[in-house]
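In what follows, a single structure is set out as structure tokens and then discussed.
Chains as they are written, first to last, in the numbering used here: chain A, 52 to 252; chain B, 24 to 246.
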């Protein structure tokens, strides 16, 4: 193309490219939309299956949800496991501060307030040190199964260094501290909203 | 000017390698080489984006005026990255869970932009496509080399979780070389990235000098 074009021609060319690529992306998004939603649902089911045992429910907790504001005022999605009409357990996300930013956990609790399971969903902890909170690397997270807010008593919900009952792991104290903090907060949320969580509507 | 396809391929893969010779795309090089598998996945995704972008720019090269070429190139790269992002999220979800956070970073990789400006803007469609593809594969090669060294020393494994990335058939690639306790953790942390990348650049320079080529710093020469 000639170099001495009127200035608006450059604008037109740019606009045509923007429009063309806009259409290209819109069509891609249209084709991929359903598959992406399906994958997101599968991801949620997989993470829920780790914290709520299958024999506890005959519904699909990933789509049986209610929304309750948490202690910080953010909307928290609660996934509910039911046997028939009775709520047998709930699962929701809880957060803690780690050594390198926020750590997200999925916490499963049965109707009596006992922990069914807790798994880390995302974290940026140091590989080899802080990442022992991932069950793929260590069994540390499994020690919380079956515990509840009264067992051990609330002041024991801390790492040993802080006078609690849980082992920190070698080279990392901040990560387990943040993790236990997150679990305790999750349990307190359950205690506070118990009636609402277990209600059958 | 006659186009030498073998020259394009050799330049892209090794001789004018994007990472080891031109030192472009350092951000994904550092971030994604904590394991050989991540490096390979990131490299292949980048190669797809580069091949598609070079092809498109070469096809439209007579319509893109000089004044607006940079925004158009960036638009094309960003559109292709978004395309790869959506397609991987929908149909290659396991891979996406590992690489998803880093796919948008391809936009900020200056290697694709450099090749569009230096090559695809002037050359016909087929050579441009090959240049994009092989520059991308060269990028993959460099990343995988750096990632392998970091993973072997830093974690004691090689291609761990490759089956997660490419399917169960690739289980054979996963090698455990030593106990994790013997590994030097620093190598998979950021300092290891700088160390290994620097040593790889030195290694390539030594090979170049041995071959009598002297030190090449040809930023981006075309054929």
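Where is the CB? At the ideal position from N, CA and C, for every residue including glycine.
- By alpha-carbon distance to residue 166/B, the top candidate from 178/B, 153/B, 182/B is 182/B.
- Judged by DSSP secondary structure, residue 130/A falls within the beta strand (DSSP E) whose first and last residues are 126 to 134.
- Identification of chain B residues near residue 79/A by a Cβ-Cβ cut-off of 8 Å yields 105, 106, 109, 110, ordered along the chain.
- The beta-carbon of residue 87/A is placed less than 8 Å from the nearest beta-carbon of chain B.
- Below the 7 Å Cβ cutoff, chain A contributes 61 as neighbours of residue 90/B, in chain order.
- Residue 182/B sits in coil when the DSSP states are folded into three classes, being neither helix nor strand.
- By the beta-carbon neighbour count (other beta carbons within 10 angstroms, threshold 16), residue 193/A is exposed.
- Inter-residue distance for residue 29/B and residue 84/A is about 41 Å (C-alpha atoms, whole angstroms).
- Under the Cβ criterion of 8 Å, residue 28/B is not counted among the residues facing chain A.
- Closest option to residue 35/B, judged by alpha-carbon separation, among 150/B, 51/B, 173/B: 150/B.
- For residue 155/A, the enclosing beta strand (DSSP E) has its first and last residue at 152 to 161.
- A check of alpha carbon separations from residue 250/A across 119/A, 214/A, 137/A, 99/A identifies 137/A as the nearest.
- In this structure the stretch 93 to 100 of chain A does not lie against the stretch 212 to 224 of chain A, because fewer than three pairs of beta carbons, one per stretch, are closer than 8 Å.
- Residue 87/B sits in coil when the DSSP states are folded into three classes, being neither helix nor strand.
- Neighbours of residue 68/A in chain B, taken as residues whose beta carbon is under 7 Å from its own, are 95, 98 in chain order.
- The beta carbons of residue 129/A and residue 116/A sit closer together than 8 Å.
- Close to chain A, meaning a Cβ-Cβ distance shorter than 9 Å, are the following residues of the stretch 194 to 228 of chain B: 203, 206, 208, 211, 212.
- Separation of residue 227/A and residue 119/B (C-alpha to C-alpha, rounded to the nearest whole angstrom) is 28 Å.
- Identification of residues in the stretch 137 to 165 of chain A having a C-beta nearer than 7 Å to some C-beta of chain B yields an empty set.
- Contact between residue 69/B and residue 159/B holds, since their C-beta atoms are separated by about 5 Å, short of 8 Å.
- When 73/B, 55/B, 93/B are compared, the shortest CA-CA separation from residue 61/A is found for 93/B.
- The beta carbon of residue 87/B falls within 8 Å of a beta carbon belonging to chain A, placing the residue at that interface.
- For the C-beta of residue 59/B, not a single chain A residue is nearer than 9 Å; the gap to the nearest is close to 15 Å.
- Taking the CA atoms as reference points, residue 169/B sits about 17 Å from residue 132/B.
- For the pair residue 81/B and residue 148/B, the CB atoms are nearer than the 8 Å cut-off.
- Chain B has no Cβ within less than 8 Å of the Cβ of residue 99/A.
- Residue 113/A sits close to residue 92/A, with the two beta carbons spaced by under 8 Å.
- In this structure, the CA atom of residue 147/A is about 6 Å from the CA atom of residue 232/A.
- Runs of the alpha helix (DSSP H) lying entirely within the stretch 98 to 171 of chain B, each at least 4 residues long, are 116 to 122, 133 to 138 in chain order.
- Nearest neighbour of residue 64/B by Cα position, chosen from 228/B, 126/B, 213/B, 153/B, turns out to be 126/B.
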